[in-house]
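Colleague: Protein sequence lines, in the order shown, are assigned to chains A and B. Anchor point for the first sequence: position 494 equals 494 in the numbering used here, and the numbering is continuous, going up by one each time. If you count the second sequence from 1, you need to add 1000 to reach the numbering used here. For glycine and all other residues, C-beta sits at the position ideal for the given N, C-alpha and C. Fair warning: this is a prediction, and the values are worked out from it, not measured in the lab.
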Amino acid sequence: MTAALWSAGVAVGLALLSAVLSLFAAWAPRVLRLVAMPLFGLAGLASLAAGVTALIQGGVATGELPMGLPWLPWRIRLDALSGLFLCVIGVVSFAVGLYGPGYVRRFERGRDPVQALGGFAGLFLAGMLLVVLADDAFLFMVAWELMSLSSYFLVAFHHDNAANRRAAFLYLLMAHIGGLAILLGFGVLASFGGGFAFDAMRGAQLPFLWSSVAFVLAFAGFGMKAGLVPLHAWLPEAHPAAPSHISALMSGVMLKVAVYGFIRVLFDLIGQFHWQWGVAVLVIGSVSALMGVLYALMQHDLKRLLAYHSVENIGIIFIGLGLAILFTGSGHAALAAVAFVAALYHCVNHALFKGLLFLGAGAILHSANERDLESMGGLLRRMPWTGLFFLTGCISISALPPFNGFVSEWLTFQAALQAWQLDSGVLRSIVPIAAAMLALTGALAAACFVKVYGVAFLGQARSRHVRHARPVPLSMRTGQGVLAVLCLLLGVLPTTFVGLLNEVPRQVLGQGLSQATAHGWLWLTPVSPETASYGAPLVAFALFAAVGLGLWLFGRGIRRVRRCDAWDCGFAPPTPGMQYTATAFAQPIRRVFSLLFLIDEAVGRQEDGQLRHRLQVSDRAWGILYLPVARAVEKAARQVVRLQSGNVRIYLGWSLATLVVLLWVIA
Amino acid sequence: MSASSWVLALLQALLYVALAPLLTGWVRKAKARLQNRRGAPVLQPYRELYKLFAKEARMAHTASVLFRAAPYIVFIALWLAASAVPLLTTGLPTAAIADVIVIAGLLALARFFLALAGMDVGTAFGGMGASREMFVSALAEPAMLMAVFTLAMTAHSTNLASVVEYQLLSHNVLRPSYMFALAGLVLVAVAETGRIPVDNPATHLELTMIHEAMILEYSGRHLALMEWAAQLKLLLYGTLLANVFFPWGIAQDTGPVALCLGLAAVSTKLALLGVALALSETVLTKMRLFRVPAFLDLALLLALLGLLSHVILEVGA
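In C-alpha cells:
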C-alpha cells in the first residue's frame, strides 16, 4: 500500500511539473503540446496505477506531508474509496493527455495565452488528486479551493467572449457558496470530534440534530458542486465554456470529486445513516435525473446538451447513494452494498462516457468549428473514427446493453427492486416511484442521443463548413479510442469490475457483495443467483457474433448494393434543409412536458418582410431560485450603502462601536 | 445446466424466428374476416419475406455504413430479447442470461438503431418517424418496466422463468397488482408493437406513420430483416403476456411430452391473443399523435398502481 501512496504522490508531482513547465509555453507554444500534455497523461497513468493497487490490495496507507501549519501538518491517506476515485481521475486524465497534443495545437496560433491553459490544467489535476488523498479538513479545503480556482481560470480561458466571462463568474460564485457550506459542515464535525483530522471526526458522537445539520451542509455544498437540481443552473453555463478537453475533465471527473466528498463526509466521517436522509437524497437525485435529461433534450448546443446530461447522471448516482443510505438506515446492510456498488459503478461509467462524448464534441469543434447541432449533419462519413467512438459513447450513456451504462442502471434497478424488504409502507412505495423516474430518465436519454447522433453524424451536412470537415489527428483519435474501449470492457466484464469495487463497500459499510460472482465470472448476480442474473459476456458475445455472422453471410454482396436517390415517398430528392432538425426532433417531448420549461416561442415578421420563428427554452431554476436570491443580495447591498456617507468621523465611530461590541462578546 | 438444455434453448430461439411471421399472418387473417374480407392466406408473410430476400437491396446515395448494419443489429437484438422469454418451457438457461431488465434493454437497443437508421438517409419522413418512435417509446418504456417490476417484486426475482414458475405455484391467486400490471402491459404492448390506436402497421399515409416512416428507405433483404424483426417483436410481447400472466400449460422440465403440451398451450393462447388484437384493431381508430401521451400515461399509471398496490397491500399482509 505504501507503493500505491508513493505512486499517488508521483501523480501529484507530475501534475505540478506539467503546470510549471507549461509556463515556458509563453515563449515557445510547442512546449504545451510536446511536454506539458504528455506529463499530464503520465500523471493520470500514475494515479490510475495507485488507485488500482489500492483497490486490489485493500488496506489503508497514511502519510504526512512536510507542509501545513505547525500544529496541523497535512496528512494524506489512501484507502479503497480514495483508490477508486484516483482511478476515475487517472483514466480520464490519461485519455486527455493522449488527446490534448492534437487538440491544443489550434490554440498555439491564437491570441489566448497557452501557458495559462497548461498551467491551470496541471494545478486543476493536482487539486483533484489532493482532495481525494486528504486526511484532514484543512488539506481537503485547500485542495478543494485549488481545484475550484484553477478550473475558474480554465472556464474563463476564452475570456474575450462576454458570455464566457459571465459563466466563469457564476461558476466562481457558486463554487464558493458551496465551499462555504462544506467548511461549515466540517466545522460542526470538528467541534464534536475535537480536531480537523478526519480520524478525530470519525470518532465524534453527534446527536441526531447536529449530525443532520452536518448532513444538510455537506449535501448542499457537495450537491452544488455536483450540479444537483435545483442548484444546477451554473453547470450548463460553465462546463461548455472551457476548452473541450477541460470540459471532459470538469464533467467527467470534477463532478465525481464532489461525489467523493459527499461519500467521504457522510458515509465515513459522520458514519450515521438515517432513512430520512436517504429519502431526501433519493428524491433530489430522481428529480435531478429527470430534469437533467429533459433540459438536455431541449438543447441544440452540443456541449451544453452534454453538460445537462451530467446533471442527469449525477442524479442517477445520487439515486444509488440515497438507496444505500435508506437501506443502511433501516438495517439492510447487504442491500445497501448493492445500491452503493451501483452508484460507484455509475461514477466510473459516467466519467468514461462523458469524457468520451466531450472529447468527441471537441473533435467536431476542432475539425468543423461548430457546436450547434442545427448546422451539423453527415459527419460519420467525414470523420468515421470519431463517429464510431461517439456512437459508443451514445450507446453507453443511453444505458443500452452490452455497454457499461446499462450495467450500473441494471444494478440500481436491482437495488430498488429489493424495496419489498423494507418495513415501512411509505418507504416501500417511494422507492418504486424513484425507479419509475429512473426508467423514464433512461428512455428519454436514449431519445436524446438518437437526436444527437442522428442530427450530427447521420443525414446530410446542414452547412458548408461541416460538409468540408476533416478527420482529426491520430492523437485525438487515440484519446477517444481508449475511453471507448473501456466503455465496452466495463459493459462486457462487469463481474471483474464489481469484484474490484467490492473493496469499497467492505471498508466503508463494513459489508461487500457476497453473492456477486456466486456462479462464476460469466454471471453477475448482485443480490443472489435466484433473484437476478445478467450474463453480460454471453449477451455481448451472442450480439457481436450473430451480427458479424449476418453481415458476413449477407453482406458479401456489399459491392453489389446499388446506390440510387432516396425514395422519400416519391417526392422530389430531399435537400439538407428538409431534414428534421434537433429542435424538431424534440418537439413532441417539449410539448408534453411543456409545464417544466420556460418556453418563449413566437412567429413574427422581420424587417425584411420574412416570417421568422423564434424559440427559446430556458431553465426554470433561474426564475425560481437564482434571480430572487440575486435580487435579495442587491437589495441588502442597497441597505448597507446607507452606512456609506463619505464622512470619516462616522466611519471611525462605526469601527469603535464594532470594537466595543466585540470586546463585550469576548469578555 | 447441461448441454442438452443449451441445444433446446437454441431450438426455442429458432422457433421464435420461425413462428413470428405466422402470428402476423394470423392477425391479418383474423382482421380480414372481421372486416368481411377473405384476406390473404395465413402463410402470406413467409412469402413476402422470401420475395424480399430474393430481391436486390438498394441504398440511397446519402446512406452511411450504419444504414447497412442497422437491420442486422435490430434483428439480432430483438431475437436475443425474444429468446430469453420462456416460450415452451421454463427450464432453459437463457432466462438466466437475460432477465426482464436486460430484455427491456435489448428492445431499447433495437429501437435505438431503428431510429438512427431512419435518420440516416436524411429525408424528412425518416426524421419524423424516428422522432415519434423515440417519443412514444420514452413514455412506454417506464410503463413496461413498472409492469414487469410488479411481477418481479412478487416473485422476488427478475428472472422471467422464475416469475412464471412462481405464478404457476401460486395457483392463480387473483392479485389486484397483477390485474393492474396486465392492463398496463397490454397498453404498452399495443404501443410498442405499433398497432392501432397508436400506429397503423398497414398505412403508408405519410403523415400518420411511425414505424413505416423509419424503414421507408429500406429495400430487399434489409427490408426483409426489418419486417421480420417487427414480427418478432409482436410475438415477443404476445408470449410475454400469454406466458407470464396466463402460465397454464407451460412445461417446467424439458421432457418431450411436456414440450409438446407447452407448444400446444402457447399456440392456443397466442391464437386467442391474435384474435383479441384483430378485434381491438377493428373497433378502434388510430389516435392523433398528441393523444398518445394520454394513452401511455394511463399505462404508466396502471403499472405504477400495480406496483404500489403490491408494496402497500400485498407485502405487509
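In three-state DSSP terms, what is A:Ser618?
Modeller: Your numbering for residue 618 of chain A matches position 618 in the first sequence. Looking at A:Ser618 - three-state DSSP - the assignment turns out to be strand.
Colleague: With 8 Å as the threshold, decide whether the Cβ of B:Ser1157 is near any Cβ in chain A.
Modeller: Sequence index remark: in the second sequence, residue 1157 of chain B carries index 157 (1-based). Answer yes: the Cβ-Cβ gap between B:Ser1157 and chain A drops below 8 Å somewhere.
Colleague: In whole angstroms, give me the CA-to-CA distance for A:His346 and A:Ile316.
Modeller: Taking the first residue of the first sequence as position 1, residue 346 of chain A is located at position 346. Taking the first residue of the first sequence as position 1, residue 316 of chain A is located at position 316. Taking the straight line from one Cα to the other gives about 8 Å.
Colleague: Could you tell me the distance, in whole angstroms, from the CA atom of B:Asp1199 to the CA atom of B:Thr1208?
Modeller: Translated into the one-based positions of the second sequence, residue 1199 of chain B becomes position 199. Translated into the one-based positions of the second sequence, residue 1208 of chain B becomes position 208. Using only the alpha carbons, I get a separation of about 8 Å.
Colleague: Quick check on this structure: which residue in A:Val279, A:Val407 and A:Phe353 has the alpha carbon closest to the alpha carbon of A:Leu391?
Modeller: Here residue 391 of chain A refers to the residue found at position 391 when the first sequence is read from its first residue. Ranking A:Val279, A:Val407 and A:Phe353 by Cα distance to A:Leu391 puts A:Phe353 first.
Colleague: Report the residue from A:Gly193, A:Ile246, A:Phe186 and A:Ala434 whose alpha carbon sits nearest the alpha carbon of A:Val283.
Modeller: Position 283 of the first sequence, counting from 1, holds the residue named residue 283 of chain A. For the residues A:Gly193, A:Ile246, A:Phe186 and A:Ala434, the minimum Cα distance to A:Val283 belongs to A:Ala434.
Colleague: Using a Cβ cut-off of 8 Å (strictly closer), state whether B:Asp1099 contacts chain A.
Modeller: One-based indexing of the second sequence puts residue 1099 of chain B at position 99. Cβ-Cβ to chain A under 8 Å: yes for B:Asp1099.
Colleague: Applying a beta-carbon distance threshold of less than 7 Å, which residues of chain D neighbour A:Ser429?
Modeller: Considering every chain present, this structure includes no chain D. Its protein chains are A and B.
Colleague: For chain B, is any of its Cβ atoms less than 8 Å away from the one on A:Asp372?
Modeller: Position 372 of the first sequence, counted from the first residue, corresponds to residue 372 of chain A. It does not: the Cβ of A:Asp372 has no partner Cβ on chain B nearer than 8 Å.
Colleague: Just to confirm before moving on: does the CB-CB distance between A:Ser185 and A:Val265 stay below 8 Å?
Modeller: Within the first sequence, residue 185 of chain A is the residue found at index 185, counting from 1. Within the first sequence, residue 265 of chain A is the residue found at index 265, counting from 1. Note that residue 185 of chain A is Gly in the sequence shown, not Ser. Yes, the Cβ-Cβ distance between A:Gly185 and A:Val265 is below 8 Å.
Colleague: Measure from the alpha carbon of B:Ser1004 to the alpha carbon of each residue in B:Pro1256, B:Ala1278, B:Leu1296 and B:Leu1232, then state which is nearest.
Modeller: Residue mapping note: residue 1004 of chain B aligns to position 4 of the second sequence, counting from 1. Comparing Cα-Cα distances from B:Ser1004 to each of B:Pro1256, B:Ala1278, B:Leu1296 and B:Leu1232, the minimum goes to B:Pro1256.
Colleague: Do you know offhand how far B:Pro1045's Cα is from B:Gln1012's?
Modeller: Looking up residue 1045 of chain B in the second sequence gives position 45. Looking up residue 1012 of chain B in the second sequence gives position 12. Computed Cα separation, rounded: 20 Å.
Colleague: Roughly how far, in whole angstroms, is the beta-carbon of A:His671 from the beta-carbon of A:Leu373, given that I think they are within contact range, below 8 Å?
Modeller: A query on residue 671 of chain A cannot be resolved here, the shown segment of chain A reaching from 1 to 667 and no further.
Colleague: Closest to A:Pro505 by C-alpha separation, out of A:Ala43, A:His350 and A:Phe267, would be which residue?
Modeller: Numbered from 1 along the first sequence, position 505 holds the residue referred to as residue 505 of chain A. Among A:Ala43, A:His350 and A:Phe267, the Cα nearest to that of A:Pro505 belongs to A:Phe267.
Colleague: Using only the alpha-carbon positions, how far apart do B:Ala1155 and B:Gly1249 sit?
Modeller: The residue given as residue 1155 of chain B occupies position 155 in the second sequence. The residue given as residue 1249 of chain B occupies position 249 in the second sequence. Each residue's alpha carbon lies about 19 Å from the other.
Colleague: With DSSP collapsed to three states, give me the class of B:Tyr1050.
Modeller: In the second sequence, the residue the question calls residue 1050 of chain B occupies position 50. B:Tyr1050: helix per DSSP, three-state reduction.
Colleague: Residues of the segment 1195-1221 of chain B in Cβ contact with chain A at a cutoff of 7 Å, in chain order, please.
Modeller: Here the close residues are Glu1206, Leu1216, Glu1217 and Arg1221.
Colleague: Can you give the Cα-Cα distance for B:Ser1170 and B:Ser1157, rounded to whole angstroms?
Modeller: To locate residue 1170 of chain B, count along the second sequence from 1; it is residue 170. To locate residue 1157 of chain B, count along the second sequence from 1; it is residue 157. Going from the Cα of B:Ser1170 to the Cα of B:Ser1157 covers about 15 Å.
Colleague: How would you list, in chain order, the residues of chain B whose beta-carbon sits under 9 Å from the beta-carbon of A:Glu530?
Modeller: Locating residue 530 of chain A in the first sequence gives position 530, where the first residue counts as 1. The answer, in chain order, is His1156, Ser1157, Asn1159 and Ser1162.
Colleague: Mind listing the chain A neighbours of B:Thr1239? Cutoff is C-beta to C-beta under 7 Å, in chain order.
Modeller: On the second sequence, position 239 is the one that residue 1239 of chain B refers to. Result: empty, since nearest Cβ-Cβ is about 19 Å, beyond 7 Å.
Colleague: Sorted by chain position, which residues of the same chain lie with C-beta nearer than 7 Å to B:Val1163's C-beta, five sequence neighbours on each side aside?
Modeller: Within the second sequence, residue 1163 of chain B is the residue found at index 163, counting from 1. Result list for B:Val1163: Leu1151, Ala1152, Ala1155, Ser1157 and Val1244, in chain order.
Colleague: Give the residues of chain A in contact with B:Ala1181, contact being defined as C-beta atoms less than 7 Å apart.
Modeller: As a first step, residue 1181 of chain B must be located in the second sequence, where it is residue number 181. Near B:Ala1181 there are no residues of chain A at all, since even the closest Cβ is about 12 Å away, more than 7 Å.
Colleague: In chain order, what residues of the same chain lie with their CB nearer than 8 Å to the CB of B:Gly1025, ignoring the 5 residues before and after it?
Modeller: On the second sequence, residue 1025 of chain B is found 25 positions in, with the first residue counted as 1. If we look at B:Gly1025 and ignore the five residues flanking it on each side, its Cβ neighbours are Ala1040, Pro1041, Val1042, Leu1043, Gln1044, Pro1045 and Tyr1046.
Colleague: Hey, does A:Gln480 have any beta-carbon neighbour from chain B nearer than 8 Å?
Modeller: Against the first sequence, residue 480 of chain A aligns to sequence position 480. Not one chain B Cβ lies under 8 Å of A:Gln480.
Colleague: Please report whether the beta-carbon of B:Arg1058 lies at a distance below 8 Å from any beta-carbon of chain A.
Modeller: Counted from its first residue, the second sequence places residue 1058 of chain B at position 58. It does: the Cβ of B:Arg1058 has a partner Cβ on chain A nearer than 8 Å.
Colleague: My understanding is that A:Val257 touches A:Phe85, with C-beta atoms under 8 Å, so please give their C-beta distance in whole angstroms.
Modeller: Translated into the one-based positions of the first sequence, residue 257 of chain A becomes position 257. Translated into the one-based positions of the first sequence, residue 85 of chain A becomes position 85. The pair is a contact, with the Cβ atoms about 7 Å apart (cut-off 8 Å).
Colleague: Leaving out five residues on either side along the sequence, give the residues of the same chain with a beta carbon under 7 Å from the beta carbon of A:Phe140.
Modeller: Within the first sequence, the letter at position 140 stands for residue 140 of chain A. The residues are Val131 and Ala134.
Colleague: Looking at C-alpha atoms only, which residue of A:Leu489, A:Ala156 and A:Val142 is the closest neighbour of A:Leu69?
Modeller: Your numbering for residue 69 of chain A matches position 69 in the first sequence. Out of A:Leu489, A:Ala156 and A:Val142, A:Val142 has the C-alpha closest to the C-alpha of A:Leu69.
Colleague: Do three or more CB pairs link the segment 84-98 of chain A to the segment 149-165 of chain A at distances below 8 Å?
Modeller: The segment 84-98 of chain A, when compared against the segment 149-165 of chain A, does not touch it at the 8 Å Cβ threshold.
Colleague: Can you tell me whether A:Thr441 is buried or exposed, with buried defined as 16 or more other CB within 10 angstroms of its CB?
Modeller: As a position in the first sequence, residue 441 of chain A is number 441, starting the count at 1. Flag for A:Thr441 reads buried.
Colleague: Can you tell me whether DSSP reads A:Glu370 as helix, strand or coil?
Modeller: Looking up residue 370 of chain A in the first sequence gives position 370. Reduced to three states, the DSSP call for A:Glu370 is coil.
Colleague: Using the Cα positions of A:Phe219 and A:Phe262, report the straight-line distance between them to the nearest angstrom.
Modeller: In the first sequence, the residue the question calls residue 219 of chain A occupies position 219. In the first sequence, the residue the question calls residue 262 of chain A occupies position 262. Looking at the two C-alpha atoms, the distance is approximately 7 Å.
Colleague: Whole alpha helix (DSSP H) runs in the segment 427-464 of chain A with 4 or more residues, listed along the chain?
Modeller: The qualifying runs do not exist here; there are none.
Colleague: Label A:His465 either buried or exposed according to how many other C-beta atoms from any shown protein chain fall within 10 Å of its C-beta, with 16 as the threshold for buried.
Modeller: Residue 465 of chain A sits at position 465 when you count from the first residue of the first sequence. So A:His465 ends up on the exposed side.
Colleague: Which first and last residues belong to the alpha helix (DSSP H) in which A:Val603 is found?
Modeller: Your numbering for residue 603 of chain A matches position 603 in the first sequence. Note, A:Val603: premise wrong, no alpha helix (DSSP H); beta strand (DSSP E) at Leu598 to Arg605.
Colleague: Closer than 8 Å by C-beta to A:Leu596: which residues in its own chain qualify, once you throw out the five before and the five after it? Chain order, please.
Modeller: Against the first sequence, residue 596 of chain A aligns to sequence position 596. Same-chain partners within the cutoff: Met291, Leu294 and Arg620.
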